[in-house]
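In our numbering, the protein residues as written are 29 to 263.
Next up, the structure:
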């Protein structure tokens with residue numbers, strides 16, 4: 029008995045084309061017209077082109093190349109990392125997953141939430157929660173508030189509690205800076221202080237990830253150094 033001829037079916041039956049929401053969900057996201065909200069040491073931060081509550085962080089490869097050019101040893105060993113420049117994404121995702129699932133006693137970890145990854149017109153992007161002000165714009169950082177003369181006793185007390193929560197949640201922070209702390213609302217509308225950058229394990233030997241006690245000691249030492257560089261809070 030001859031096999032049925034399915035040639036016609038092969039030629040006329042095709043998988044359905046992706047709907048209009050396909051690119052919004054899976055990318056690549058076109059950032060050519062997206063609003064650039066911030067630029068850090070090695071990353072650009074864009075408004076997500078389809079989701080007001082999300083940011084898209086992409087690597088600034090030129091800045092990274094300049095950074096590594098001045099650090100030969102780091103440039104040498106990073107060539108063996110398969111994830112290359114995107115190692116920072118893995119660090120942040122790992123830290124978010126670890127602290128969000130551990131029994132730390134902190135009901136809600138004060139981090140801007142990591143949503144996932146997406147291909148973009150500027151390379152692989154990290155999708156993160158946008159912390160906003162009351163009008164839906166990017167929330168000011170503590171650094172911004174200091175520059176505007178809005179660092180008062182109430183905010184200083186909130187900072188004290190914030191860093192206690194970070195230590196209680198055993199969040200490993202590699203860059204404790206006033207510019208990495210946003211003061212605003214998360215996607216649920218919950219007001220507070222949120223760590224938006226600078227978290228995740230960087231050292232080859234992750235001592236602070238292993239020891240909650242040493243991590244707390246380091247956080248409090250770095251926080252004390254940060255406060256020493258800031259002006260005294262207004263009453």
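Cβ coordinates follow ideal geometry from the N, Cα and C atoms, glycine included. Remember, predicted model here, so these are calculated numbers, not experimental data.
Check: Which stretch, first to last residue, makes up the beta strand (DSSP E) that contains residue 187?
Finding: Element bounds for residue 187: not the beta strand (DSSP E) but the alpha helix (DSSP H), 181-196.
Worksheet item: With a cut-off of 8 Å, do at least 3 Cβ pairs link the region 152-162 to the region 186-194?
Response: At 8 Å Cβ cutoff, the stretches do not touch.
Q. Which whole runs of the beta strand (DSSP E) in the region 201-234 are 3 residues long or more, in chain order?
A. Within the region 201-234, the complete beta strand (DSSP E) runs of at least 3 residues fall at 209-213, 219-223.
Who are the near neighbours of residue 73 in its chain, counting only those whose CB is closer than 6 Å to its CB and skipping five residues on each side?
Shown here for residue 73: same chain residues with a beta carbon closer than 6 Å to its own, the five before and five after excluded, namely 65, 66, 83, 85 in chain order.
**Helix, strand or coil at residue 166 according to DSSP, with G and I counted as helix** = Three-state result, residue 166: strand.
ask   = Does the beta-carbon distance from residue 140 to residue 224 come in below 9 Å?
value = Residue 140 is a Cβ neighbour of residue 224, given a cutoff of 9 Å.
| With a CB to CB cut of under 8 Å and the five nearest residues on each side skipped, what residues in its chain are close to residue 35? | Its pLDDT being 49, under 50, residue 35 is placed unreliably in this model, and the coordinates cannot settle the point.
**OP:** Use the C-beta contact count for residue 233: other C-beta atoms within 10 angstroms, 16 or more gives buried, fewer gives exposed.
**Re:** The residue is exposed, with fewer than 16 neighbouring Cβ atoms inside 10 Å.
According to DSSP, which residues form a beta bridge with residue 87? Looking at the DSSP assignment, residue 87 forms a beta bridge with 71.
With H, G and I counted as helix, E and B as strand and the rest as coil, what does DSSP make of residue 171? Residue state, collapsed to three classes: helix.
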